[in-house]
Amino acid sequence: MIHSLVGIVYSREAAAFSRSLKDPELAQRRVLEVILRSCSRAPWGERERLGEIRSYEQFAERIPASEYSRWYPLIEQQRRSGRPILNTKVTRYEPTSGSTGERKWIPYTPEFLGEMNRAARAWIHDVQNRHEGARRGRHFWSLSWIPSELRGAVNTDDRELFPAWQRLILNRLVVSHPALQHAPSSESAWWATLLLLASASDLSLISVWSPTYLTTALREIFQHREELAEALREGRWLRHERELGRFVAPSRRTFPVAARDFPSFIQRLWPRLALVSAWDSAMSVPYADELRRLLPQVTFQGKGLWATEGVVTIPWKDRYPVAIRSHFVEFRCLASGRILPVWRVEPGQELQPLLTTGSGLLRYELPDRVRVSGMIERTPTLEFLGRIGGVDLTGEKLSFEKASGILAGLQQRFGKLKLFCLGVRPRQTPPRYTILGVGEEASSNALAQALEDELLRIHHYAVARELKQLAPAEARILPSAAELESVLGSAEIRGQSKPNSIVFLSG
425 MIHSLVGIVY SREAAAFSRS LKDPELAQRR VLEVILRSCS RAPWGERERL
475 GEIRSYEQFA ERIPASEYSR WYPLIEQQRR SGRPILNTKV TRYEPTSGST
525 GERKWIPYTP EFLGEMNRAA RAWIHDVQNR HEGARRGRHF WSLSWIPSEL
575 RGAVNTDDRE LFPAWQRLIL NRLVVSHPAL QHAPSSESAW WATLLLLASA
625 SDLSLISVWS PTYLTTALRE IFQHREELAE ALREGRWLRH ERELGRFVAP
675 SRRTFPVAAR DFPSFIQRLW PRLALVSAWD SAMSVPYADE LRRLLPQVTF
725 QGKGLWATEG VVTIPWKDRY PVAIRSHFVE FRCLASGRIL PVWRVEPGQE
775 LQPLLTTGSG LLRYELPDRV RVSGMIERTP TLEFLGRIGG VDLTGEKLSF
825 EKASGILAGL QQRFGKLKLF CLGVRPRQTP PRYTILGVGE EASSNALAQA
875 LEDELLRIHH YAVARELKQL APAEARILPS AAELESVLGS AEIRGQSKPN
925 SIVFLSG
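Heads up: the sequence shown runs through residues 425 to 931, numbered per the working numbering.
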């Protein structure tokens, strides 16, 4: 009944999105008009006379493309004072990684949440229509994860991103528990996640960001299956009980604790599981392939391009069109440097997205590279190619500039060593970062710890480490330059800027 209700309620947005694909220019001009009208009521918008802008052409002429650094002073002033500056009301601030490693805070407003909600409703309706098995049980969604240092200071309940009437539906449809939002540490929140997943025998859909999140959870559920079975029998957390409070998740009648074979264990754990949604492009390809091997009976769907700052594409009929009813989206052509609206891009172009959203951020540059893979009606579909000038194995978002800065700082601290580059071992399980240099091997442990400390300053790296998606950083100190050259000779160097700061190691 809940799935039927969701299908009815979300059908209107899905139909509107389908119609808009035929005329993306009309849809986008309407979106821009609404956003500018909302932002013009805030103090900054009044000062910049946003209410006088009457067309996209005027908007593009008046408002320059920008990075987070342009908005940082206004956002910080707004956060600290509690007074509106960029927008009239902020529901919450969502943390994400900055290009230089500092944490960014993105304001979430009712207008912005409504834009994201439109994209989510269209996607969910398409899932229900195209994947009947996803309607046969409950869902597990992991939209974001807060590191331990921010728990208690940041709202971690992702359901509050939706309107109250939708939360009533989601509370019945989505596997969740207050402990996930109120756990004071990542360790206790992760244990609660494992136990809730283990308890949900009727799970039919899992939606996460990185596939490594789910592969880590699968392995740990299998590894701790006896303790999880005991917790379900007794109706207790067993671990972190003082932090998590009363356990109210229903115990399941059968739990495959005796299974010795991992694939059969997972199949018996979630017999209704029909669909998994996670990243499956760019650097996530090998991890998505691994997840497919672990869940051969389950359909896998890519996420599209969603960021903390907004949504660019959604899965729709097995393709990824621009979410033209959500934010106003432009693209910088990476070949010519020109900025184009959605209705002027062409198949084959490689582009960088710019978002204008109800959060108050206008013409905001995302550091992502996409290719126009085709068209649905007259709306472009995109393929995500990766980060511009950076590495993103599991969502950690390490830029080449940040890597170069870390190398320079460590070189000053460890002057007796000659440090050359930061290596990435993507094929390890889990992957890890490795610093490469020449000198005395006795310094490697101290150097590895110093590297790990620097990387942990990056918001999403800290999240990936707490969730065990990444192994601790290591240092590989070789006795001679000749041996280092041998290692680097087999390394594949990627990236568009400062390529010597990061190399990809096969061994």
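A virtual CB, placed ideally from N, CA and C, is assigned to each residue, including glycine.
Residue 586 and residue 541 have their C-alpha atoms some 7 Å from each other. Beta-bridge annotation (DSSP): residue 792 is paired with 811. DSSP, reduced to helix, strand and coil, places residue 844 within a strand of the structure shown.
In this structure, residue 782 lies near residue 462, with their beta-carbon atoms less than 7 Å apart.
Straight-line spacing of the CA atoms in residue 535 and residue 724 works out to 31 Å. In the DSSP assignment, residue 861 forms a beta bridge with 843 and 901. With distances taken between CA atoms, residue 827 lies nearest to 846 out of 837, 846, 872 and 870. Spanning the alpha carbons of residue 519 and residue 614 requires a straight line of approximately 19 Å.
C-alpha of residue 808 to C-alpha of residue 460: approximately 28 Å in a straight line.
Around the beta carbon of residue 860, 16 or more other beta carbons lie within 10 angstroms, which makes this residue buried.
Out of 748, 561, 608 and 885, the CA that lies nearest to the CA of residue 574 is found in 608. Counting C-beta pairs closer than 8 Å gives three or more between the stretch 876-886 and the stretch 821-836, which meets the contact rule.
Between residue 707 and residue 817, the gap from beta carbon to beta carbon is short of 7 Å.
In the same chain as residue 483, and ignoring 5 residues on each side of it, the C-beta atoms closer than 6 Å to its own belong to 477, in chain order.
Cβ neighbours of residue 747 within its own chain (closer than 7 Å, five residues either side excluded): 543, 735, 736, 737 and 738. The alpha carbon of residue 767 has as its nearest neighbour, out of 784, 785, 787 and 745, the alpha carbon of 745.
Under the DSSP assignment, residue 777 falls in the beta strand (DSSP E) whose first and last residues are 774-780. Along the length of the stretch 579-649, whole alpha helix (DSSP H) runs at least 4 residues long occupy 588-597, 602-606, 610-623 and 635-647, reported in chain order.
Minimum Cα-Cα distance from residue 716 among the listed residues 731, 732, 699 and 730 corresponds to 699. For residue 778, the CB contacts under 8 Å within the same chain, skipping 5 residues up- and downstream, are 489, 753, 754, 755, 756, 763, 787, 788, 789 and 790 in chain order. The three-state reading of DSSP puts residue 518 in strand, counting E and B together. In this structure, residue 464 lies near residue 474, with their beta-carbon atoms less than 7 Å apart. Nearest neighbour of residue 856 by Cα position, chosen from 469, 892 and 831, turns out to be 892. Take residue 868, set aside five residues on each side of it, and the residues of its chain with a beta-carbon closer than 6 Å to its own are 899 and 901, in chain order.
Residue 721 is classed as exposed because its beta carbon has fewer than 16 other beta carbons within 10 Å across all chains shown.
By the neighbour-count criterion, in which 16 or more other beta carbons inside 10 Å mark a residue as buried, residue 727 falls on the buried side. Here DSSP, grouped into helix, strand and coil, assigns residue 893 to coil. With a 10 Å radius around the Cβ and a threshold of 16 neighbouring Cβ atoms, residue 631 comes out buried.
Following the DSSP letters along the chain, one finds residue 828 in no beta strand (DSSP E) but inside the alpha helix (DSSP H) bounded by residues 824-837.
Beta-bridge analysis with DSSP links residue 757 to 775.
Per DSSP, residue 681 is not a residue of any beta strand (DSSP E), being assigned neither H nor E. With fewer than 16 other Cβ atoms inside 10 Å of its own Cβ, residue 852 counts as exposed.
Our two residues, residue 848 and residue 650, have alpha carbons roughly 35 Å apart in a direct line. Taking 8 Å as the upper bound for CB-CB distance, residue 434 and residue 545 are in contact here, some 4 Å apart.
Per DSSP, residue 495 is one residue of the alpha helix (DSSP H) stretching across 492-505. For residue 805, the closest C-alpha among the options 795, 814 and 430 is that of 795.
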